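A.B. asks: This is the structure, below, for whatever I ask next.
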Amino acid sequence: MIELNKITKKFTLHNQGKTNILVFNNLNLKINPGEIVALTGPSGVGKSSILKMIYGNYVFQSGQIKINNHNIDHTYPRNIIELRKNIIGYVSQFLRVIPRVPTIEIVMEPLLEINSDQDEVREKAEKILLKLNIDKNLWNLSPLTFSGGEQQRVNVARGLIRNYPCLLLDEPTASLDSVNKDIVLNLINEKKDSGSSIIGIFHDEYSRKYLNAREIDITKISDAK
Amino acid sequence: MQPILSVHNLNKYYGNQVGCKNMNLTLYPGEVVGVVGESGSGKTTFINSISGNLIPDSGKILIETGNETIDFLEISESLKRLLIRTELAFVHQNPRDGLRLDISAGGNISERLMSIGQRNYGNIRQTIFKWLDKVEIDKSRVDDFPRTFSGGMLQRLQIAKNLVTSPKIIFMDEPTGGLDVSVQAKILDLLRKLVRELNLSVVIVSHDLAVIRLLADKIIVMKNGEAVESGLCDQVLDDPQHSYTQLLVSSVLQV
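Residue numbers (the numbering used here), protein chains in the order written: chain A, 1 to 225; chain B, 1001 to 1255.
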């Protein structure tokens, strides 16, 4: 379960004339287990910012964010690190990896955090890569030279190899063809059915409908815009 | 869970000049803390002061060994030396500072082992080979002198030399500083794997924000000898609160 209560978020740009940008005021949101929430609204409205606040990348000035009853509290970074290790998964829009590390190892990494059986983890990674149509010949190469769609699927594989109770998805299907899009959407549906609380940004109507997502227009739930 | 290392209100002056002041740090097992800032900001003074290379003027350094909490600045010199050889390790920016160039690669690795009392030649040789393999240096180079190694190999040898006694806390000062980017990537990958496999706790100094983002869980941003901001690594880099951090983050060149 993900809960945001009365969140205020602003950016203060010290080096640009101390400009203050109020992004959210009194933002409230709740995502239940087994539910997918899709954030909508024009670009720049703060869809990604919501995901980044939940994952702990962005601080907020007031209010409360609770993940399975644990507070996101930046005075204790250790707690956020633990939450990320055990509870929250995040599929970001872009792949950020160490150059020259093979794809298979990048996909294995999140699972190795909790399972030290290399062979078992490798098998699971191979399975999900196969499912996502990443050619076997590519597994031992770094994904940095892959096409946009392939990189995105590697990112999805890495994010979905585990079963996180809470899952954040930032346009996971944006650069995929229709066949691969359906594959990714099916995987997301599987996570939902297993009880994950899922919140995401999906640029197309098709994906939101396919996932049967509860759509939330941000402009309607925050006083700021 | 207890922090394995905690630093409280640490100060180090060079005469009237501030080296670092009012520094705090909490490091948990398996965690990587990055220390960033421009040159001259006190990063190296700080890491040297908490690792036994420099004696700070005031402050507290507590090290958790599992059975007891050690007050690092209060213990005897001999116990301190022992800790530095066993529980702590220091990886220098320039591997030549951390290696003996006039003894073989294998000799460099075995030195730490022998200093803690290992004497069985066969066992020591086994351990050396295991570590050469871990840092991807060919076994056939075991008896070569480090001066015949490339910069990247030297750095990997220094890492092996330091990790061979399974230290719990590793200090690293710009470990990829003088290396070309392809070698840097390899070292970064190696460090990440070792941190996970061996549950290492690391304090790493770097001026390269990209390196810190890839390796660190937490970050301390230093300026003029003080921490201006600290916290979760990607939060500080994605949503910096202090004006200096904002400047630092926005100054990074995009490739």
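Just so it is clear, CB atoms sit at the ideal spot from N, CA and C, and this is done for glycine as well. Source: prediction; values computed, not measured.
1. DSSP three-state call for GLU1229 (chain B): helix, strand or coil?
2. Strictly below 8 Å CB to CB, what residues from chain B border ARG100 (chain A)?
3. If you follow the beta strand (DSSP E) that GLU105 (chain A) is part of, which residue opens it and which one closes it?
4. Given this structure, state the Cα-to-Cα distance separating GLU215 (chain A) from LEU1215 (chain B), to the nearest angstrom.
5. Drop a sphere of 10 angstroms on the beta-carbon of GLN1158 (chain B), count the other beta-carbons inside from all chains shown, and report buried for 16 or more, exposed for fewer.
6. What first and last residue would you give for the beta strand (DSSP E) that runs through GLY89 (chain A)?
7. Which value, in whole angstroms, describes the spacing of the CA atoms of TYR76 (chain A) and LEU1088 (chain B)?
8. Unbroken alpha helix (DSSP H) runs of length 4 or more, entirely within the region 1090-1160 of chain B: which are they?
9. Since GLY1231 (chain B) meets chain A, which of its residues come closer than 8 Å, beta carbon to beta carbon?
10. If contact means a Cβ-Cβ distance below 9 Å, which residues of the region 1066-1092 of chain B contact chain A?
11. Would the region 1218-1230 of chain B and the region 129-146 of chain A be scored as touching if the rule is three or more Cβ pairs under 8 Å?
12. Would GLU1064 (chain B) be called buried (16 or more neighbouring beta carbons within 10 Å of its own) or exposed?
13. Quick one: list the residues of chain B neighbouring LEU112 (chain A), beta-carbon separation under 8 Å, in chain order.
14. Going by C-alpha to C-alpha distance, which of A:LYS220, A:LYS192, A:ASN140 and A:LEU185 sits closest to GLU205 (chain A)?
15. Taking C-beta pairs closer than 7 Å, name the residues in chain B that ILE80 (chain A) reaches, listed in chain order.
16. Closer than 6 Å by C-beta to LEU1025 (chain B): which residues in its own chain qualify, once you throw out the five before and the five after it? Chain order, please.
17. Taking the continuous beta strand (DSSP E) assigned at ARG100 (chain A), which residues delimit it?
18. Using a Cβ-Cβ cutoff of 8 Å, what residues of the region 14-41 of chain A are near chain B? List them in chain order.
19. Buried or exposed for LEU1154 (chain B), please, with buried defined as at least 16 other CB atoms from any protein chain shown within 10 angstroms of its CB.
20. Determine the contact status of VAL1205 (chain B) and THR1045 (chain B), defining contact as a CB-CB distance below 8 Å.
21. Is the number of C-beta pairs between the region 174-192 of chain A and the region 1-15 of chain A that are closer than 8 Å three or more?
22. Examine chain A for any beta-carbon lying closer than 8 Å to the beta-carbon of ARG1192 (chain B), and answer yes or no.
23. Is DSSP giving GLU1031 (chain B) helix, strand or coil here?
24. Counting only Cβ pairs nearer than 7 Å, list the residues of chain A close to LYS1218 (chain B).
25. According to DSSP, is LEU13 (chain A) part of a helix, a strand, or is it coil?
26. Pick helix, strand or coil for MET1222 (chain B), following the three-state DSSP scheme.
27. Since ILE31 (chain A) and VAL37 (chain A) are thought to touch, with beta carbons under 8 Å apart, how far apart are those beta carbons, to the nearest angstrom?
28. Give every residue of the same chain whose Cβ lies closer than 7 Å to the Cβ of GLU1074 (chain B), excluding the five residues on either side of it in the sequence, and list them in chain order.
29. Can you tell me where the beta strand (DSSP E) holding GLU215 (chain A) begins and where it ends?
30. DSSP state of MET1 (chain A), grouped into three classes?
31. With 16 as the cutoff for other CB atoms within 10 Å, does VAL1252 (chain B) come out buried or exposed?
32. Which residues does DSSP pair with GLN61 (chain A) in a beta bridge?
33. I'd like the list of long-range same chain contacts for GLY46 (chain A), defined as Cβ closer than 7 Å, with 5 residues on each side in sequence excluded.
34. Work out the CA separation of MET1 (chain A) and SER1230 (chain B) for me, nearest whole Å.
35. Got a sec, what are the start and stop residues for the alpha helix (DSSP H) ASP119 (chain A) sits in?
36. Just confirm the distance between the C-beta atoms of LYS6 (chain A) and SER62 (chain A), as a whole number of angstroms; I'd bet it's less than 8 Å.
C.D. replies: By the coordinates alone:
1. strand
2. SER1182, ALA1185, LYS1186 and ASP1189
3. Per DSSP, GLU105 (chain A) belongs to no beta strand (DSSP E); it is in the alpha helix (DSSP H), 103-112.
4. 36 Å
5. buried
6. 88-91
7. 25 Å
8. 1095-1098, 1105-1115 and 1121-1134
9. HIS74 and PRO77
10. none
11. no
12. buried
13. ARG1196
14. A:LEU185
15. LEU1232
16. VAL1007
17. Here ARG100 (chain A) belongs to no beta strand (DSSP E), and DSSP marks it neither H nor E.
18. HIS14 and ASN15
19. buried
20. no
21. no
22. yes
23. coil
24. PRO77
25. strand
26. strand
27. 5 Å
28. none
29. 214-217
30. coil
31. exposed
32. DSSP, once it has assigned bridges, lists no residue as partnering GLN61 (chain A).
33. VAL23, PHE24 and ILE218
34. 29 Å
35. 118-131
36. 7 Å
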